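Mapping to the numbering used here: the sequence shown position 154 is 147, numbers consecutive.
Virtual Cβ for every residue (Gly too), placed ideally from N, Cα, C.
Here the structure is a predicted model, which is why all the values come from computation and not from measurement.
In what follows, a structure is listed as structure tokens, so that the remarks can point back to it.
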Amino acid sequence: MNIQKLLLLLFIIPLLSSSPHKYYLSLTQIEYKNESRSIQISINVFMDDIEIALNKKYQIDLQLTSNQELKNNDDYFKKYLKEKLHLKINDFPKEYNYIGKEYDGDLVYFYLEVENIDDIKSLEVENTILTTYFPKQENLLKTKIYNKYQSLLLTAKKTKGL
């Protein structure tokens, strides 16, 4: 390799590595548990993104994982998720219960459950989590219903499917 190519590489690599590009992605996993007749849902999102979205939407200061974290932050999470995640099972809208959340590194995991589901013939999911404040947000949806796996990538333009 000649010296000019080497110098060019040494100049370009630092520029590429320090470019302020961020990828916006959440993962929603939905699994039907036949033995408990329930659908269990877990959602993981980046902590800073959900914090920014809720702070803007509700004019609050969540300060997640700090000493000043709001004591009633679960109320805001529940309210936000009820607005942004909708399920239809067998063509009927279904409500889910908010079980809780946990922090792991820079992620927040939310746990939800739909009870008393005897049979699933069809499932439709609408997920607009974080798309209002982050137009490039992508919400990956993975399902396991009766040992059948499906995946779908939802965006601000394509908000529902399955």
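Through-space distance from residue j to residue i, alpha-carbon basis
i           : j           : result
residue 101 : residue 36  : 8 Å
residue 240 : residue 75  : Outside the modelled stretch of the chain, which goes from -6 to 155, sits residue 240, for which no answer is possible.
residue 31  : residue 93  : 16 Å
residue 57  : residue 122 : 18 Å
Cut-off 6 Å between Cβ atoms - residues of its own chain near residue i, not counting five sequence neighbours on either side
i           : result
residue 144 : 135
residue 43  : 101
residue 87  : 80 and 107
Chain-order list of residues whose beta-carbon lies under 8 Å from that of residue i (same chain, five-residue window excluded)
i           : result
residue 128 : 149
residue 112 : 83
residue 71  : 91
Helix, strand or coil at residue i [DSSP, three-state]
i           : result
residue 134 : strand
residue 83  : coil
residue 123 : coil
residue 147 : strand
residue 112 : coil
For residue j and residue i, believed in contact at Cβ under 8 Å, the rounded distance
i           : j           : result
residue 163 : residue 146 : With the chain represented from -6 up to 155, any question about residue 163 goes unanswered, as that position is not in the structure.
residue 50  : residue 73  : 7 Å
residue 105 : residue 20  : Going by Cβ atoms, the distance from residue 105 to residue 20 rounds to 14 Å, so no, they are not a contact pair.
Any non-hydrogen atom of the ligand HEM within 7 Å of residue i CB
i          : result
residue 47 : No copy of the ligand HEM occurs in the structure displayed, which carries no ligand at all.
Residue i burial status per 10 Å Cβ neighbour count (16 or more: buried)
i           : result
residue 140 : exposed
residue 151 : exposed
residue 142 : exposed
residue 96  : exposed
Own chain residues within Cβ distance below 7 Å of residue i, not counting five before or after
i          : result
residue 89 : 34, 80, 105, 106 and 107
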